[in-house]
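S.K.: Sharing a structure here in structure tokens format.
Numbering (the numbering used here), first residue to last: 650 to 767.
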């Protein structure tokens, strides 16, 4: 944490999201960084709903404790589609706002969608 009002969050389960990729996508913006990575990073991981829920519970528990400190949260996720849907579903507009999502395209992350813009 460096006192920024922006938090960049990387979530790596299917492939690794590197700090360098996040730095490149965020450009010159000042931001704090939080990284989540499963022990095994491989395409399709996690496979089972129980594992998806367990991982998302840990991520949301951490984000809940930090969210009040930030005006924006930037999500860089290399996760299965079902897990992405569930993560978005948990981003309640009454709790989370200005959630910037990124899509991996042509070798880098590019801004894609803002969830609950304020």
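The beta carbon of each residue, even a glycine, is placed where N, CA and C say it ideally should be.
#1: Just tell me which of 676, 696, 675 and 721 has its CA closest to the CA of residue 745.
#2: From this set, 729, 707, 764 and 725, which residue's C-alpha is nearest residue 675's C-alpha?
#3: For residue 657 versus residue 692, is the C-beta distance shorter than 7 Å?
#4: Going by C-alpha distance, which of 704, 760, 669 and 718 is nearest residue 654?
#5: Who are the near neighbours of residue 694 in its chain, counting only those whose CB is closer than 7 Å to its CB and skipping five residues on each side?
#6: Assuming residue 761 contacts residue 723 (C-beta within less than 8 Å), just tell me the rounded distance between them.
#7: In terms of residue numbering, what span does the alpha helix (DSSP H) encompassing residue 715 cover?
#8: Quick check: the Cα distance between residue 729 and residue 715, rounded to an integer number of angstroms?
#9: Quick one: residues in its chain with C-beta nearer than 8 Å to the C-beta of residue 757, no 5 flanking neighbours on either side, listed in chain order?
#10: Can you tell me which of 665, 754, 737 and 755 puts its alpha carbon nearest to the alpha carbon of residue 765?
#11: So, are the CB atoms of residue 711 and residue 684 less than 7 Å apart?
M.R.: So, from the data block:
#1: 721
#2: 725
#3: no
#4: 718
#5: 662, 663 and 687
#6: The pair is not a contact, with the Cβ atoms about 11 Å apart (cut-off 8 Å).
#7: 698–715
#8: 24 Å
#9: 670, 673 and 674
#10: 737
#11: no
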